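Asker: Sending over a structure as structure tokens; questions will come in a sec.
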Amino acid sequence: MSLGMALPKAELHLHIEGTLEPELVFECARRNGVSLPFATVDELRLRYVFDDLQSFLDLYYLAMGVLRTARDFTDMTDAYLARAREQGVRHAEIFFDPQAHLSRGVPLREVVDGLTASLRTSEQRFGISTRLIACFLRDQGPDEAMATWEALRPHLGDIHGVGLDSAEVGHPPQDFAPVFARAREAGLHLVAHAGEEGPADYVWQALDVLGVQRVDHGIRAVEDPELLRRLARERTPLTVCPLSNVRLRCVPRLAEHPLPRLVDAGVLVTLNSDDPAYFGGYVGENFAAVQRELGFDDAAMREFAANSFRASFLPADRREAYL
Ligand code: ADE
Ligand code: ZN
Numbered sequence: 001m002s003l004g005m006a007l008p009k010a011e012l013h014l015h016i017e018g019t020l021e022p023e024l025v026f027e028c029a030r031r032n033g034v035s036l037p038f039a040t041v042d043e044l045r046l047r048y049v050f051d052d053l054q055s056f057l058d059l060y061y062l063a064m065g066v067l068r069t070a071r072d073f074t075d076m077t078d079a080y081l082a083r084a085r086e087q088g089v090r091h092a093e094i095f096f097d098p099q100a101h102l103s104r105g106v107p108l109r110e111v112v113d114g115l116t117a118s119l120r121t122s123e124q125r126f127g128i129s130t131r132l133i134a135c136f137l138r139d140q141g142p143d144e145a146m147a148t149w150e151a152l153r154p155h156l157g158d159i160h161g162v163g164l165d166s167a168e169v170g171h172p173p174q175d176f177a178p179v180f181a182r183a184r185e186a187g188l189h190l191v192a193h194a195g196e197e198g199p200a201d202y203v204w205q206a207l208d209v210l211g212v213q214r215v216d217h218g219i220r221a222v223e224d225p226e227l228l229r230r231l232a233r234e235r236t237p238l239t240v241c242p243l244s245n246v247r248l249r250c251v252p253r254l255a256e257h258p259l260p261r262l263v264d265a266g267v268l269v270t271l272n273s274d275d276p277a278y279f280g281g282y283v284g285e286n287f288a289a290v291q292r293e294l295g296f297d298d299a300a301m302r303e304f305a306a307n308s309f310r311a312s313f314l315p316a317d318r319r320e321a322y323l
């Protein structure tokens, strides 16, 4: 097994709906009586070629339409945890998209019960501690985000943070200041996707207006030297997803990924898989691809793994036990 696979690591940027493998899409469709616009698993897999973030999101939202019951969410999460364990994951901070299920008439109770039924026993079964982060869909606007916050309130015992995801360009972080202020008042952790397809200015907004503790992706920060200095000085982590960035054409090829420039600028970078069922690899494959294509030595790979714990929302004593 490669070093990248074997290293104990935390995964901090993982959409649970993006772990839905084609076989489980068909299994859930069958048991829920949902008809799909593809005939076979192979036909679905052939659609995993994307031009940009939106072309991926179209398929991502379509495929998750098969998730209807708590059992579907439990099975999906169990499958992810089993794969993650094989890839050295010891801790996972997992995103889910409440609005993508509420809008289809699936009650939030069903979603949260399904996810937590798996996560509750993850440490015993897989040796993976977990946190759950609810993301607002930025393309659905700030009013719907606030309504979603209200729907989440009865479930806050199971939710540790909020994030911001979906189509980025034209949906700046600053629009979501009110709902992030509510989440901060409630004591939740705050993260946001910014600088994936959107400009470096969105990363500034995520920091200054939303007050996030980590930036998801953040790769376009390389275009702004002052922002790089700020991220490095304040040790604000970026949760970078190298295979995702190539598949969604944010970066032309892995050899041209800005990761080395972020590292050289002193930014605290972590490696993650984003939506591993769609992007050709789980977190271990992201580690292995980065080492192969960008030439990082073993010490640098160990540093990425250490950063994943430093950047996690584990309490300090548990973080330090991994370092
Ligand atoms: N939702 C799932 N994956 C995403 C990504 N890479 N960017 C924005 N929203 C997402
Ligand atoms: Zn993401």
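Going letter by letter, the sequence shown gives residues 1 to 323 in full-length UniProt numbering. We treat Cβ as the ideally placed atom computed from N, Cα and C, and that holds for glycine. What you are looking at is a predicted structure, and each value in this text was computed from that prediction instead of being measured.
(1) In the structure shown, what three-state DSSP assignment does R90 receive?
(2) Please report the distance separating the alpha-carbon of residue 324 from that of P107.
(3) Are the beta-carbon atoms of A206 and A192 separated by less than 7 angstroms?
(4) Let me know the alpha helix (DSSP H) ranges lying completely inside the segment 156 to 226, each 4 residues or longer, listed in chain order.
(5) Within the present structure, is the beta-carbon of D97 separated from the nearest heavy atom of ligand 2 by less than 6 angstroms?
(6) May I have the straight-line CA-CA distance separating R68 from N32, to the nearest angstrom?
(7) Using only the alpha-carbon positions, how far apart do V49 and D317 sit?
(8) So what does DSSP say about C250, is it helix, strand or coil?
(9) Hey, would you say the C-beta of H189 is under 6 angstroms away from at least one heavy atom of ligand 1?
(10) With E11 as the anchor, note down where its beta strand (DSSP E) starts and where it stops.
(11) Which of the three DSSP states, helix, strand or coil, is assigned to V267?
(12) From the DSSP output, read off the bridge partner residues of L238.
(13) Can you name the residues that DSSP bridges to C28?
(14) Taking the beta strand (DSSP E) that S129 belongs to, which residues open and close that run?
(15) Name, in chain order, the residues that DSSP records as bridge partners for F38.
(16) So if I measure from each beta-carbon to every heavy atom of ligand 2 and keep distances below 6 angstroms, which residues remain?
(17) Would you kindly work out how many angstroms separate the C-alpha atoms of A84 and D224, rounded to a whole number?
(18) Since D167 and L238 should fall inside the 8 angstroms C-beta cutoff, what is the C-beta to C-beta distance between them, to a whole number of angstroms?
(19) What does D274 pair with, by DSSP beta-bridge criteria?
Answerer: The structure says:
(1) On the sequence shown, residue 90 is found 90 positions in, with the first residue counted as 1. Strand.
(2) Nothing about residue 324 can be read from this structure; the chain reaches only from 1 to 323.
(3) On the sequence shown, position 206 is the one that residue 206 refers to. On the sequence shown, position 192 is the one that residue 192 refers to. Going by C-beta atoms, A206 is nearer than 7 angstroms to A192.
(4) 177 to 185 and 200 to 205
(5) Residue numbering aside, residue 97 sits at position 97 when the sequence shown is read from its first letter. Not under cutoff, so the answer is no.
(6) Against the sequence shown, residue 68 aligns to sequence position 68. Against the sequence shown, residue 32 aligns to sequence position 32. Taking the straight line from one Cα to the other gives about 7 angstroms.
(7) Counting from one through the sequence shown, the residue named residue 49 turns up at place 49. Counting from one through the sequence shown, the residue named residue 317 turns up at place 317. So the alpha carbons of these two residues sit roughly 42 angstroms apart.
(8) Numbered from 1 along the sequence shown, position 250 holds the residue referred to as residue 250. Coil at C250, not helix or strand.
(9) On the sequence shown, residue 189 is found 189 positions in, with the first residue counted as 1. Checking every heavy atom of ligand 1 against the Cβ of H189, none is found closer than 6 angstroms.
(10) Position 11 of the sequence shown, counted from the first residue, corresponds to residue 11. Residues K9 to H15.
(11) Here residue 267 corresponds to residue number 267 of the sequence shown, with the count starting at 1. Three-state result, V267: coil.
(12) Stepping through the sequence shown from its first residue, residue 238 is reached at position 238. DSSP, once it has assigned bridges, lists V215 and V269 as partnering L238.
(13) Taking the first residue of the sequence shown as position 1, residue 28 is located at position 28. Answer is none; C28 lacks a bridge partner.
(14) One-based indexing of the sequence shown puts residue 129 at position 129. Counting along the chain, the beta strand (DSSP E) containing S129 begins and ends at S129 to L137.
(15) In the sequence shown, residue 38 corresponds to position 38, counting from 1. Answer is none; F38 lacks a bridge partner.
(16) H13, H15, D165, H193, D216 and D274
(17) What you label residue 84 is simply residue 84 of the sequence shown in a count that begins at 1. What you label residue 224 is simply residue 224 of the sequence shown in a count that begins at 1. Using only the alpha carbons, I get a separation of about 34 angstroms.
(18) As a working mapping, residue 167 is identified with position 167 in the sequence shown. As a working mapping, residue 238 is identified with position 238 in the sequence shown. For clarity, residue 167 is Ala in the given sequence; the question names Asp instead. Not quite, the Cβ-Cβ distance comes to about 20 angstroms (not below 8 angstroms), so this is no contact.
(19) Looking up residue 274 in the sequence shown gives position 274. Answer is L14.
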